[in-house]
Amino acid sequence: MAGLKINNVSKSFAGFNALTNVSLDVRDGEFVAILGPSGCGKTTLLRLIAGFEKVTEGTVTVDGNLMSSPSINIPPESRRVGIVFQNYALWPHMTVSENVGYSLKVAKVHKTERHRRIEEALALVDLNGFGDRRPSNLSGGQRQRVALARCLVSAPSLVLFDEPLANLDVHLRASMEDEFASFHKRTGTTIVYITHDQAEAMALADRIAVMDKGVLVQFATPRELYEQPATKMVASFIAQGMVFPIEILSAQNGKCRARMLGHDVQLRCSSDQKVIAPANACIRSADIELVETGGIPIEIQRCIYRGGGARIEARPLDGSDLELHFDLPEPKRLKAGDRIQIRVISGWVIPQEYVS
Amino acid sequence: MLTQTKQRQGIDMALIAGVTLVVATLSILPMGRLVFELVMPQGSFSLRPIQTAMGSSTTWTATWHSLQVGVGGTLLSVVLGTSVALLVSLTDVRAKSPFVLFYVVPLLIAPQVTALAWLQLFGPASPFLKLVGLAPALGSRNPLYSTTGIIVLLGVQYGPLVFLMVRAGLRKLPRELVEAALSSGAGRLTVLRTIILPLMTPSIIGATALAFVSCVGNFGIPAFLGIPANYLVLPTLIYQRLAGGGPAVLSEVAVLSFLIGLIAIAGILAQDYTSRRRDYRIASTSLPAAPFELGGWRICFEILMWSLIVVVLILPILGLFLTSLVSAYGIPLNAKTVTLANYAFVMFDHTAASRAFLNSFGLSIAAALFAVVLAVPLAYLVTWRVRWWTNFLNLSVELPYALPGVVLAIASLLLFLKPLPILGVQIYNTIWIIFYAYLARFLVLAVRPTISGLHQIDRSLEEAAQVAGAKLLYRMRSIIFPLVAPATLAGGILIFMTAFSELTVSALLWASGSETIGVVIFSFEQGGDSNYAAAISVLTVALTFILMLFTSLFARHLPAGVLPWRD
Ligand SMILES: Nc1ncnc2c1ncn2[C@@H]1O[C@H](COP(=O)(O)OP(=O)(O)O)[C@@H](O)[C@H]1O
Ligand SMILES: [Mg+2]
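Protein chains in written order, with the UniProt record's numbering: chain A, 1 to 356; chain P, 1 to 567.
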């Protein structure tokens, strides 16, 4: 088991800054997901941790040992970090057993011992009896399991996953998610897990690091990310929150009054929130309810039926070009062009230091 | 509507029939004629030629020699080419593009020019060795006139061929496969041994087969290095028999050329068999792995690599160049003896030589142009109109190039020995027989890049034109040809370079009046006029180099891998 400390790491490729000042402190045995849109630098961060790329600035420390700094770069083969690639990266010229046992063979583990540990690792991922097959004769899910077994067999202190489920179909994903979760529970290994799928990250991780354009924007528990997003990007990226401009009227003890779309609303805020005029609030679907009178008038643009409920897309009538989207339970039948009124019953004020 | 459909089918059928006819004439017909000659020598069934050829001990000695230099040359080129490919592809050595450019050049220089250059470098008359004061005594034997000499030169000539194929394989190696091994704790050399080399076996085996076929079929190198030492391989034996006996011995040399064809095919089949069992199908669009850092060793490897360039390219060309400047054989080069007279002689005074320039120029331009025009419809059928027989068409185009050049030359001789039926035109002993053989042999060099160009183009581009009402020929002219033109033209330039100083085929097919540059170099060298031979060779090497640089100018528009010297 090992903690991972990433301190002020930057990485540039020929002048292009792929990562800027990323700091991340992963506790021993923690399951951390790194979440962000495609191209935001997730893979680059992972490859820095594994030692495939050198840092431009900053340090990477595993279990108290300095691994990377601008002057030091422990080679990947000496880091004892396991990695599971998005495309599995199974060696096509070896059988499943040979793939799994590779690191043991490299470490010159005795044959019988090696055999035992290969069997053990295959059993762990439910692939007993598949040892003599070639990777090309396996299904996508089985290949992913072999990749996992290959990484587990040497009991690494830190395991890195790079979008391991991106190439699998929806049903397999769910079962592999369970498998990863139970693997983590059983072994207590520290895991850094990359994904662009926020549902996956929420389901698996103790904490999630959200990245955007090479910058770490928020590192928090799934609940905190959902309830208290730190930036507009996090607010809209996680569960598709809506971001509205507001004017704060008063704020104290984590509660505030504000004006939104010409109406007074009650919102949650951080305890040190200042009273400032232009600010933003994150509103979730559950924060909206329909009212007959006295609410914010909106016009429905689209109403998408979604078995058991409907998703509404609408615009406020005051002429601003904001877009609202929220879910409603079935009974209310609405159609495009209908005008209704809504009330915002709660929401989160995006903290001032990030207002841009 | 119905008539339109019929008309369209008519044009399609005409295209298919036309292309098939041309391919048949260039490939199936000569090969069929050769096989026919084996069974029915001179038109009636007899086993005499086979008995004569197989009963002669020279046949078996030459076969043994062919295998000897074939295997030796192949081993050397595989070791050289693979090591260089690994260094260039996997490590952080600097200046890779210029290195690749220089390393691949020997492949584009005709084998007899390579042979001549090395002979001039190491021979007792070598102006270079005289300059540095290392020349052996005049009259002593050139160490290259030996089996080892032939093997070394074959290795130098075809090492780049192996290099190109292994490098192409290494480029497709996904970095994750290497990185997974590294994070399993394997060191760089272990990764090389257990992951990279095993994954490269299909490329290496393929390259080995190709190198073997090229070594066994090579004529220029054993002709220059072996004939003086009376060391004959099958291609040079065929040449000598034919030069001595004329058309009368055609049936017998047909047997010999069939024999060498069999050896080549055995090599190809062995490769096919092994690669079938080791087909890993690496399919990946991932980036190549980060280069291994050599640290302090980098400079050592760089010195080693550039020494290789100096030894296999710079020194021989320098030796050739110095020889071409000396007024007569064996005279040391100094301010008094340096002269351009050799150049003036071969270009203006010697009628056969100046004629050869025109002949080779005309032949290679014409072959390149015809091949470019034929390649587009042919590649179009093979890639976008796939039927069960299109693959066969493709194989037929490959055959005359895959088999040793002497096989095609003998087949052409057999085919055209008598005047053409009906027309009554005599092609034998004219330049047209060489033209026919060049076209048959080199067509594939334009077809291959066109096929890979078409593979990279979305078929819907043609379909859009079809929907817009364009007929087949119009689409071919307005859509398909412009799209693949750069690739096809690059193939044409490759044909020009190869054909310009070609020897194997023309040595067997030339007659007075239809000499090629290769033939003239060969006869000068055989007559002891190395200085003239060197002067012509320098001119062809210069032309090759200029063409390479010129083609690189429009390399941006080409599909990757069309120009072998572009990294
Ligand atoms: N070896 C490299 N050379 C140049 N640019 C790179 C390299 N690797 C990644 N990048 C760039 O860095 C950015 C982040 O890439 P990556 O970490 O792969 O994103 P993600 O995994 O989040 O999709 C991208 O813009 C990518 O083009
Ligand atoms: Mg990625």
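Cβ coordinates follow ideal geometry from the N, Cα and C atoms, glycine included. Please read these numbers as outputs of a predicted model, since none were measured by experiment.
Does any heavy atom of ligand 1 sit closer than 7 angstroms to the C-beta of residue i?
| i | result |
| --- | --- |
| A289 (chain P) | no |
| S154 (chain A) | no |
| G36 (chain A) | yes |
| F85 (chain A) | no |
| G51 (chain A) | no |
| G296 (chain P) | no |
| G39 (chain A) | yes |
| A209 (chain A) | no |
What is the residue span of the alpha helix (DSSP H) that residue i lies within?
| i | result |
| --- | --- |
| R186 (chain A) | 170 to 187 |
| T208 (chain P) | 197 to 217 |
| I410 (chain P) | 405 to 416 |
| N342 (chain P) | 341 to 344 |
| I422 (chain P) | Counting along the chain, I422 (chain P) falls outside any alpha helix (DSSP H), and DSSP gives it neither H nor E. |
| E200 (chain A) | 198 to 204 |
| N394 (chain P) | 390 to 402 |
| H65 (chain P) | 57 to 90 |
| P111 (chain P) | 111 to 122 |
Output the distance between the C-alpha atoms of residue i and residue j, rounded to the nearest integer angstrom.
| i | j | result |
| --- | --- | --- |
| V366 (chain P) | G491 (chain P) | The question names Val, but residue 366 (chain P) in the sequence shown is Ala. If I take the Cα positions, the gap works out to 13 angstroms. |
| S44 (chain P) | K418 (chain P) | 16 angstroms |
| M476 (chain P) | P449 (chain P) | 17 angstroms |
| V217 (chain A) | V234 (chain A) | 8 angstroms |
| L107 (chain P) | T114 (chain P) | 9 angstroms |
| A511 (chain P) | N230 (chain P) | 25 angstroms |
| S10 (chain A) | M211 (chain A) | 13 angstroms |
| V26 (chain A) | R259 (chain A) | 39 angstroms |
| I6 (chain A) | F219 (chain A) | 13 angstroms |
| I83 (chain A) | R167 (chain P) | 27 angstroms |
| S83 (chain P) | L119 (chain P) | 26 angstroms |
| E293 (chain P) | E463 (chain P) | 49 angstroms |
| A314 (chain A) | A239 (chain A) | 18 angstroms |
| I300 (chain A) | F326 (chain A) | 11 angstroms |
For residue i, decide whether its Cβ has a neighbour in chain P, counting only Cβ atoms nearer than 8 angstroms.
| i | result |
| --- | --- |
| N87 (chain A) | yes |
| P76 (chain A) | yes |
| I83 (chain A) | yes |
| H93 (chain A) | yes |
| V9 (chain A) | no |
| V26 (chain A) | no |
| V55 (chain A) | no |
| V32 (chain A) | no |
| F52 (chain A) | yes |
| S103 (chain A) | yes |
Does any C-beta atom of chain A lie closer than 8 angstroms to the C-beta of residue i?
| i | result |
| --- | --- |
| A180 (chain P) | yes |
| P198 (chain P) | yes |
| S184 (chain P) | yes |
| S552 (chain P) | no |
| M1 (chain P) | In this prediction, M1 (chain P) has a pLDDT of 49, which is less than 50 and means its spatial position is unreliable; nothing more can be read from the coordinates. |
| L315 (chain P) | no |
| L195 (chain P) | Checking the sequence shown, residue 195 (chain P) turns out to be Ile, not Leu. Yes - at least one Cβ of chain A is within 8 angstroms of the one on I195 (chain P). |
| P288 (chain P) | no |
Ligand 2 and residue i: does the residue's C-beta get closer than 7 angstroms to at least one heavy atom of that ligand?
| i | result |
| --- | --- |
| E42 (chain A) | In the sequence as presented, Glu is not what sits at residue 42 (chain A); that position holds Lys. Under cutoff, so the answer is yes. |
| D212 (chain A) | no |
| E57 (chain A) | no |
| E200 (chain A) | no |
| D162 (chain A) | yes |
Provide the residue span of the beta strand (DSSP E) that contains residue i, from first to last.
| i | result |
| --- | --- |
| H263 (chain A) | 263 to 268 |
| residue 374 (chain A) | Chain A is shown from 1 up to 356; residue 374 (chain A) falls before or after that span and cannot be answered. |
| F244 (chain A) | 242 to 252 |
| Y305 (chain A) | 296 to 305 |
| P98 (chain P) | Run containing P98 (chain P): none in the beta strand (DSSP E); it sits in the alpha helix (DSSP H), 96 to 108. |
Could you name each continuous alpha helix (DSSP H) segment of 4 residues or more that falls completely within the stretch 430 to 483 of chain P, going from the start of the chain to the end? 431 to 455, 460 to 467, 472 to 475
Taking only runs of the beta strand (DSSP E) that begin and end inside the stretch 4 to 78 of chain A, which ones reach a length of at least 3 residues, in chain order? 4 to 13, 16 to 26, 31 to 35, 57 to 62, 65 to 68
For the stretch 219 to 269 of chain P, list the alpha helix (DSSP H) runs that are entirely contained and at least 4 residues long, ordered along the chain. 220 to 225, 234 to 245
At which residue ranges does the stretch 84 to 138 of chain A contain complete alpha helix (DSSP H) runs of 4 or more residues, listed in the order of the chain? 96 to 106, 111 to 124
Within the stretch 508 to 563 of chain P, note down every full beta strand (DSSP E) run reaching 3 residues or more, in order along the chain. none
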